[in-house]
């Protein structure tokens, strides 16, 4: 392969030939943001396509709508792709960060979901991720306490939708891409978010990596090399997990008796692999320890389950470990969710219970100045009370629900908003007088509960499923 520092049509073609067996007879799309890196990749590919007409090339741009200028950037991307005589498709997405999820992560999830939908069967999506991007990813995963799979960082090749995701530039430094773009007088877009130190990756890029390189000039290449070592080790673990899964398989489930014979670390390895193979989100270390310990050790007559947000639920019926993507059981009533509403006005609720939103509203009934900065959201245990009217008596939530004729199945799903042990709101139906907005309230809001789609229940004979 060409030198790691080289970038241009010739070394790029060599990298793609190593990743795509049929290159240059291939369908290729570039994840195009309009920035200098993706523009350099698009221009080099356009130069290859002009000499190799069997290469079908296009650009894909995702407009996240996170900046007021995003539509203008999309138009600029169309112009930049047009200047390279490359067709471009633009898709606009909505980015909503879930509970505990950063805006960066939510945007990345929305972006790749859009790319997956846009890819044609067998088409390859190329990104301009480079050497420094890989080093930043390793550092982020280290700081998050990731295992080998996380430390392996970004793979050069992965499945995406009906096609493939390729990163042919992971050994190419950013400077080589920018030098190529400057020498060809390419004018790219500078996203102001790339200078916003609130974002973890930007902070690493601007504040941390320069300090590391000042002391250890080979730090970036060393981090990327560690990622390759971690990827090698992860492949070995995956091979062991595949063998163990085959030994424990009972259809789509796993035999608890077989899992119990494995050592704890091997048990965690196969369960993690099994969930990922089914398309599930792998649980964190605490949940995984709970699954591979108490859950598998439970008595035969017990009905234990482990749930994790965005992942699903695991149960042990009939001595089989069963995973389901959409849990039909809710978390325990005392499993509260912390809500720092000033940092995030939207809170996703566990157990497919929808989401809560504090929506600014000049006619809203909540006085934001009276609302504590940190709230908790829990579910009914019985005995909850609040004062729905200033000067009025405390009312039992049970009585309010009965008077409102709220169905029993909905009562259990109602999120209750607390400040410590003090009940402030019952979903978006009742609020306590202590936080209700008076005439002089300067900042008002309305609490909105966005319910999850209702599932069919016994007695719903009129529902067609």
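Numbering (my numbering), first residue to last: 2 to 466. C-beta: ideal position from N, C-alpha, C; glycine also.
Would you check if the distance between the CB atom of residue i and the CB atom of residue j is smaller than 8 Å?
{"i": "residue 358", "j": "residue 377", "result": "no"}
{"i": "residue 48", "j": "residue 10", "result": "yes"}
{"i": "residue 41", "j": "residue 147", "result": "no"}
{"i": "residue 394", "j": "residue 431", "result": "no"}
{"i": "residue 131", "j": "residue 175", "result": "yes"}
{"i": "residue 428", "j": "residue 416", "result": "yes"}
{"i": "residue 1", "j": "residue 187", "result": "An answer regarding residue 1 cannot be provided, because it is not within the stretch 2 to 466 covered by the chain."}
{"i": "residue 402", "j": "residue 412", "result": "yes"}
{"i": "residue 309", "j": "residue 343", "result": "no"}
{"i": "residue 386", "j": "residue 449", "result": "no"}
{"i": "residue 297", "j": "residue 261", "result": "yes"}
{"i": "residue 149", "j": "residue 210", "result": "no"}
{"i": "residue 25", "j": "residue 73", "result": "no"}
{"i": "residue 354", "j": "residue 348", "result": "no"}
{"i": "residue 419", "j": "residue 379", "result": "yes"}
{"i": "residue 60", "j": "residue 82", "result": "yes"}
{"i": "residue 193", "j": "residue 16", "result": "no"}
For residue i and residue j, which I take to be in contact (beta-carbon distance under 8 Å), what is that distance rounded to the nearest angstrom?
{"i": "residue 177", "j": "residue 7", "result": "7 Å"}
{"i": "residue 235", "j": "residue 136", "result": "So it is not a contact: roughly 18 Å between Cβ atoms."}
{"i": "residue 105", "j": "residue 200", "result": "5 Å"}
{"i": "residue 91", "j": "residue 65", "result": "No, residue 91 and residue 65 are not in contact; Cβ-Cβ is about 12 Å, not under 8 Å."}
{"i": "residue 198", "j": "residue 191", "result": "Rounded, the Cβ-Cβ distance is 16 Å, inconsistent with contact."}
{"i": "residue 161", "j": "residue 113", "result": "7 Å"}
{"i": "residue 281", "j": "residue 340", "result": "That belief does not hold up - the Cβ atoms of residue 281 and residue 340 are roughly 26 Å apart, past 8 Å."}
{"i": "residue 57", "j": "residue 86", "result": "Not confirmed; about 13 Å, so no contact."}
By a C-beta neighbour count over all protein chains shown, 10 Å radius and 16 as the cutoff for buried, is residue i buried or exposed?
{"i": "residue 1", "result": "Because residue 1 is not part of the residues shown, which for the chain are 2 to 466, the question remains open."}
{"i": "residue 334", "result": "Note that residue 334 scores a pLDDT of 41, beneath 50, so its modelled location is shaky and nothing firm can be said."}
{"i": "residue 128", "result": "buried"}
{"i": "residue 134", "result": "buried"}
{"i": "residue 264", "result": "exposed"}
{"i": "residue 95", "result": "exposed"}
{"i": "residue 217", "result": "exposed"}
{"i": "residue 382", "result": "exposed"}
{"i": "residue 30", "result": "buried"}
{"i": "residue 68", "result": "exposed"}
{"i": "residue 233", "result": "exposed"}
{"i": "residue 172", "result": "buried"}
{"i": "residue 422", "result": "exposed"}
{"i": "residue 292", "result": "buried"}
{"i": "residue 276", "result": "buried"}
{"i": "residue 295", "result": "exposed"}
{"i": "residue 462", "result": "Any reading at residue 462 must be qualified, since the residue scores a pLDDT of 29, below 50, and its modelled position is unreliable; the value itself is stated next. Exposed, by the Cβ-count rule."}
{"i": "residue 406", "result": "exposed"}
{"i": "residue 219", "result": "exposed"}
Is any beta-carbon of chain B found at less than 8 Å from that of residue i?
{"i": "residue 226", "result": "The chain labelled as chain B is not found in the depicted structure, where only one protein chain is given."}
Pairs of beta-carbons, one from the segment 67-83 and one from the segment 33-43, closer than 8 Å: are there three or more? With a cut-off of 8 Å, the segment 33-43 and the segment 67-83 count as touching, because enough Cβ pairs lie within range.
| query | Quick check: the segment 355-371 against the segment 425-440, are there 3 or more CB pairs under 8 Å? | reply | yes
Report the residue ranges of all beta strand (DSSP E) runs contained in full by the segment 130-183; include only those spanning at least 3 residues, in chain order.
-> The qualifying runs are 158-161, 164-167.
Uninterrupted beta strand (DSSP E) stretches inside the segment 265-311 (no shorter than 3 residues): 306-309
### Query
Is the segment 226-236 close to the segment 134-144, with three or more CB pairs under 8 Å?
yes
### Query
Three or more C-beta pairs closer than 8 Å, one from the segment 233-252 and one from the segment 260-280: is that the case here?
yes
Exercise for review: Pair every Cβ in the segment 250-268 with every Cβ in the segment 121-137, then say whether three or more of these pairs are closer than 8 Å.
Suggested key: no
Next on the checklist: For the segment 357-366 against the segment 310-325, do three or more pairs of beta-carbon atoms, one drawn from each stretch, fall closer than 8 Å, so that the two count as touching?
Outcome noted: no
- prompt: Which full runs of the alpha helix (DSSP H) of 4+ residues lie inside the segment 198-254, going along the chain?
  reply: 201-204, 210-216, 220-249
**OP:** Inspect the CB distances between the segment 9-29 and the segment 109-119 and report whether three or more fall short of 8 Å.
**Re:** no
Q) Taking the runs of the alpha helix (DSSP H) that are 4 residues or longer, which of them lie wholly in the segment 49-137? A) 71-84, 104-119
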